[in-house]
Amino acid sequence: MVKAIVGANWGDEGKGKITDMLAEESDVVIRFQGGANAGHTIINEYGRFALHILPSGAFYPHITNIIGNGVALDIQKLADELNSITGQGVPAPNLIVSERAQLLMPYHILQDAYEEERLGGRAFGSTKSGIAPFYSDKYAKTGIQVADLFDEARLRERLPRAVEMKNILFQHMYHKPLLNVDELYDSLLTLREVIRPYVGDTVSFIHNAVKENKTILLEGQLGAMKDPDLGICPMTTSSHTLAGFGCVGAAVPPTAVEDVICVTKAYSSCVGAKTEPFISEVTGEAGDELRMRGGDKGEFGATTGRPRRVGWFDAVATRYGCTVQGATQVALTCLDVLGYLDEIPVCVGYEIDGEVTDTFPAPAKLGRAKPVFELLPGWKSDIRGITDYAKLPANARSYVDFLEARIGCPITLVSTGPERHEIIHRG
573 MVKAIVGANW
583 GDEGKGKITD
593 MLAEESDVVI
603 RFQGGANAGH
613 TIINEYGRFA
623 LHILPSGAFY
633 PHITNIIGNG
643 VALDIQKLAD
653 ELNSITGQGV
663 PAPNLIVSER
673 AQLLMPYHIL
683 QDAYEEERLG
693 GRAFGSTKSG
703 IAPFYSDKYA
713 KTGIQVADLF
723 DEARLRERLP
733 RAVEMKNILF
743 QHMYHKPLLN
753 VDELYDSLLT
763 LREVIRPYVG
773 DTVSFIHNAV
783 KENKTILLEG
793 QLGAMKDPDL
803 GICPMTTSSH
813 TLAGFGCVGA
823 AVPPTAVEDV
833 ICVTKAYSSC
843 VGAKTEPFIS
853 EVTGEAGDEL
863 RMRGGDKGEF
873 GATTGRPRRV
883 GWFDAVATRY
893 GCTVQGATQV
903 ALTCLDVLGY
913 LDEIPVCVGY
923 EIDGEVTDTF
933 PAPAKLGRAK
943 PVFELLPGWK
953 SDIRGITDYA
963 KLPANARSYV
973 DFLEARIGCP
983 ITLVSTGPER
993 HEIIHRG
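Structure (structure tokens):
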């Protein structure tokens, strides 16, 4: 059975905890897109971790963790992350890296930083991890695959072509130092030995696991609003963040995906440029308080440390996110965060050009949208760690019921704290 765990919103919904929790009953966990530009925070018996490239099943010895062909693979960051978790007492994970995955190169990171510098006030708020240049090269057919590292003649042929194009760009557009192809080649041979123990034919492995009816989790990065096709273009990432892309980025047959768990917070949060439309945003003192109370250590990016923008729950955006993800069920995280509020606003519609709609619009219209809120009574109590839905305060249950009705998908999991088993199975 194949399940996908993906985000309904802008990312940072708490997918790491949900993946970590569901991994206990899984055989395989696969990262299928993105790179080290976003992180999943996990708290378990070993401590607190922010994973950026490793699948969230890395803490379970019975799981085979796979970095799929759709991932932007930064080998050095993968090695650093493996050393980081084993250094904190975690047993070395079972890991297979797809030989078809492409390499995120040092020049991708440089280009990302140079472009943000060039754009200045028009910048996209990139994490400067090289993701956009990586995927540009991938689809321009100038990328380097993991398998190329083990064919030196092929690597010697492909690398100079890529470097030649970058040097033209670096010299004439960015006015930056040129790349040295021989130094890059030598560094790749060093990285080859770092990754050698993990490289494998993940396509065959995954298809065999499907035939053997193994339980497989597809782990998505970011959320539906960051998808380059169906998200808030152009303020998106450069890989597809939807469950459907798992069939490509993880080489899973589309007929095998039976369950799509869409994760959303009980409020909204967003990392990115201030120019990105974020309709339900709350600012000022109210925003600062929600940000400081949010998550497990406040709403700050797991990768960048940047303060996230925060807002009230956006039912319009979340219903759309669940729709394009093909959600079969929803996990609601961070419900415990809202226990300090007398009343809780929920965005139930957008006013655009004088008309109210509950349909999420195309990006060209989104900039003109204003939120329409409905106020719900708060429960004014600490609910952290409650695992029985019936033991939640009545107003907390009413809040969950209200969100479920608005997004049109069953909320089956309710998180009441950041740790692994602080969860309600709602059925």
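Note that the sequence shown covers residues 573 to 999 in my numbering.
Ideal Cβ positions, reconstructed from N, Cα and C, are used throughout, including at glycine.
None of these values were measured; they are calculated from a predicted model.
- The C-beta distance from G795 to A966 rounds to 30 Å, too long to meet the 8 Å contact threshold.
- Proximity of the segment 846 to 857 to the segment 897 to 915 falls short of the contact definition, fewer than three beta-carbon pairs being nearer than 8 Å.
- P917: member of the beta strand (DSSP E) spanning 915 to 924, first to last residue.
- If you check the CB distance, R690 and A719 do not come in under 9 Å.
- Taking the C-beta atoms as reference points, L731 is found no nearer than 9 Å to F742.
- The continuous alpha helix (DSSP H) containing C819 extends over residues 818 to 821.
- Between R733 and T714 the beta-carbon gap is near 6 Å, inside 8 Å, which marks them as a contact.
- Taking the Cα of I716 as reference, the smallest distance to any Cα among G866, W582, V643 is reached at V643.
- Secondary structure remark: continuous beta strand (DSSP E) runs of at least 3 residues inside the segment 797 to 858, in chain order: 829 to 837, 840 to 842.
- In this structure, DSSP gives T699 a state outside helix and strand, which the three-state scheme calls coil.
- As a beta-bridge residue in DSSP terms, N616 pairs with G619.
- Counting every other CB atom within 10 Å of its CB across the protein chains shown gives S953 a total below 16, marking it as exposed.
- Within the same chain, Cβ atoms closer than 6 Å to the Cβ of E991 are found at I615, the five residues on either side in sequence being excluded.
- Here V920 has A887, V888, D930, V944, F945, E946, R978 as same chain residues with Cβ atoms under 8 Å from its own Cβ, once five neighbours each way along the sequence are excluded.
- With a cut-off of 8 Å on Cβ pairs, the segment 648 to 662 is in contact with the segment 622 to 638, counting three or more such pairs.
- A distance below 9 Å separates the beta carbons of Y971 and L948.
- Sequence-distant Cβ neighbours of N609 in its own chain, meaning closer than 6 Å and more than five residues away, are T699, S701, I703.
- For I590, the enclosing alpha helix (DSSP H) starts and ends at 587 to 595.
- In the DSSP annotation of this structure, N637 is not part of any alpha helix (DSSP H); the continuous beta strand (DSSP E) holding it starts and ends at 636 to 639.
- Beta-bridge partners assigned by DSSP to N666: T636.
- DSSP, read as helix, strand or coil, puts E784 in coil.
- Note that the segment 813 to 826 does not touch the segment 762 to 771; fewer than 3 beta-carbon pairs, one per stretch, sit closer than 8 Å.
- If the five residues before and after I681 are omitted, its C-beta is found closer than 6 Å to the C-beta atoms of G702, all from its own chain and listed in chain order.
- Here the segment 851 to 867 makes no contact with the segment 825 to 835; the two share fewer than three CB pairs at distances below 8 Å.
- In the DSSP assignment, L964 falls outside any beta strand (DSSP E) and carries neither an H nor an E.
- The criterion of a C-beta distance shorter than 9 Å is not satisfied by K837 and C894.
- Distance from the CA atom of S598 to the CA atom of N785, rounded to whole angstroms, is 11 Å.
- For P982, same chain residues with a beta-carbon under 7 Å away, outside a window of 5 residues either side, are Q901, V902, E976 in chain order.
- In the three-state DSSP reduction, E736 falls in the helix class (H, G or I).
- In the three-state scheme derived from DSSP, where H, G and I count as helix and E and B as strand, S656 is classed as helix.
- Counting along the chain, T895 sits inside the alpha helix (DSSP H) bounded by residues 887 to 897.
- Within 10 angstroms of the beta-carbon of Y711 lie fewer than 16 other beta-carbons, which makes it exposed.
- Distance from the CA atom of G586 to the CA atom of H612, rounded to whole angstroms, is 7 Å.
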